[in-house]
Structures are given as C-alpha cells and as structure tokens.
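**Q**
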Amino acid sequence: MALVIEGEERIAAPVEKVWEALNDPEILKEAIPGCQSLEKSSDTEMAATVVLKIGPIKATFNGEVTLKNLKPPHSYTIQGEGKGGIAGFAKGGADVTLTEDGPDATVLKYAAKAEVGGKIAQLGSRLIQSTSKKLAGQFFSTFGEKVGA
Numbered sequence: 422m423a424l425v426i427e428g429e430e431r432i433a434a435p436v437e438k439v440w441e442a443l444n445d446p447e448i449l450k451e452a453i454p455g456c457q458s459l460e461k462s463s464d465t466e467m468a469a470t471v472v473l474k475i476g477p478i479k480a481t482f483n484g485e486v487t488l489k490n491l492k493p494p495h496s497y498t499i500q501g502e503g504k505g506g507i508a509g510f511a512k513g514g515a516d517v518t519l520t521e522d523g524p525d526a527t528v529l530k531y532a533a534k535a536e537v538g539g540k541i542a543q544l545g546s547r548l549i550q551s552t553s554k555k556l557a558g559q560f561f562s563t564f565g566e567k568v569g570a
C-alpha cells in the first residue's frame, strides 16, 4: 500500500542552522515519533529503531536511513526502510527543500512517499494514511521547535 504526504513548516532559524539539524542524529532522534535509537554509520547512513502504534498494532521497526541527492544547504532526499517482524515492513522517503524566508527563518517543504506491507497493510488505507500524516506532522513540528528554540 503506497501513501503520499506533503507539507511545510516555517522554522525560526536561518537555512544553515536548519540544514545542520537535518543532518544531526540527536535532533532527528528527538523529532522522530517513537524513535528509540538513531546512530550514524557514515556521513549519509544511520541505523534506527522506532516503536510505532498503528491502530491495534504496536511494533518495533529496525531499519536503515540514507541521505541522498544532497544539495547543501537547500535540499536532500531522506530514505528509510524498516522491518517490524510479523507486523510487516515500512519503507519510504521524503524530498526535503529549504527556502530562506528572511534572514532568520526557513520554510521547510517535504513530499514523502511511503509503502507498508504485512499485517499493518491489512489495517486499511484510511487508518494508515491518517496515522502517517499525523506522524509526519509531529516530526516536522517537533523538529521546527527544536531548531527554532
């Protein structure tokens, strides 16, 4: 089952600071809902453990996060794939762009695509779509708060 989620967040920080934060595993870990661990394995790769609850299913996903198409400090693609045992799998990515909005603010836009399979996919597209939108919204608003603080 495939999903598309788009949105934007205005962050009260200059583009360079937002870019640094998008590449900082500590900030990403704090912003990703349910993230238990996020460790850098190279400049563009991280290993993640995330616990998610979608409807009645709660699962721990272990996976990889890769940064691609890097165009500092304006855009990149973040891709991830996680396996949640019998709950299934989730994989996807987001194109993230940063645009200056005056000297001390940045507009972060994202277009994310995700695919889920296994037990989770059987929950129904409405539930998965609404949960995915909620999780994306939580990530970007928490990220914005941390960076703009």
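All residue numbers for the sequence shown refer to the working numbering, where the first residue is 422 and numbers rise by one. Just so it is clear, CB atoms sit at the ideal spot from N, CA and C, and this is done for glycine as well. Please read these numbers as outputs of a predicted model, since none were measured by experiment.
1) Smallest Cα separation from Gly513: which of Asp522, Val528, Lys489?
2) To test your reading of the DSSP string, which unbroken beta strand (DSSP E) runs of 3 or more residues are found completely within the stretch 430-474?
3) Hey, how far is the Cα of Phe561 from the Cα of Pro493?
4) Who are the Cβ neighbours of Gly592 in its own chain at under 8 Å, not counting the five residues just before and after it?
5) Among residues of its own chain, excluding the 5 on either side of Val436, which ones have a beta-carbon nearer than 6 Å to its beta-carbon?
6) To the nearest whole angstrom, what separates the beta carbons of Gln550 and Pro454, a pair I think is in contact under 8 Å?
7) From Tyr497, Lys474, Leu491, Ser496, pick the residue whose C-alpha is nearest to that of Ala511; which is it?
8) When burial is assigned at 16 or more other CB atoms within 10 Å of the CB, is Ser546 buried or exposed?
9) Anyone know if the C-beta pair for Thr498 and Glu466 falls short of 8 Å?
10) If I follow the unbroken beta strand (DSSP E) through Ile549, where does it start and stop?
11) Looking at the structure shown, is Gly503 part of a helix, part of a strand, or coil, going by DSSP?
12) Whole angstroms is fine: what's the gap from Lys556's alpha carbon to Leu548's?
13) Tell me which residues share the same chain as Lys530 and place their Cβ nearer than 6 Å to its Cβ, disregarding the 5 neighbours each side in the sequence.
14) Near Lys504, which residues of its chain fall below 7 Å by C-beta distance, leaving aside the five closest residues on each side in sequence?
15) Tell me where the beta strand (DSSP E) around Ile478 begins and ends.
**A** The relevant details are as follows:
1) The shortest CA-to-CA distance from Gly513 to any of Asp522, Val528, Lys489 is the one to Lys489.
2) Within the stretch 430-474, the complete beta strand (DSSP E) runs of at least 3 residues are 456-461.
3) Inter-residue distance for Phe561 and Pro493 is about 19 Å (C-alpha atoms, whole angstroms).
4) This structure does not reach residue 592, given that the chain is present from 422 up to 570, and the question cannot be answered.
5) Result list for Val436: Pro494, Leu519, Glu521, Thr527, in chain order.
6) Not quite, the Cβ-Cβ distance comes to about 16 Å (not below 8 Å), so this is no contact.
7) Among Tyr497, Lys474, Leu491, Ser496, the Cα nearest to that of Ala511 is on Lys474.
8) It is exposed - the Cβ of Ser546 has fewer than 16 other Cβ atoms within 10 Å.
9) Not a contact, by the Cβ cut-off of 8 Å.
10) Run containing Ile549: none in the beta strand (DSSP E); it sits in the alpha helix (DSSP H), 546-569.
11) Strand at Gly503.
12) Residue identity check: residue 556 is Leu in the sequence provided, not Lys. For Leu556 and Leu548, the distance between alpha carbons rounds to 12 Å.
13) Same-chain partners within the cutoff: Glu429, Thr518.
14) By the criterion of a C-beta distance shorter than 7 Å, Lys504 is surrounded in its chain by Phe482, Asn483, Gly484, Phe510, once the five residues flanking it on both sides are discounted.
15) The continuous beta strand (DSSP E) containing Ile478 extends over residues 478-492.
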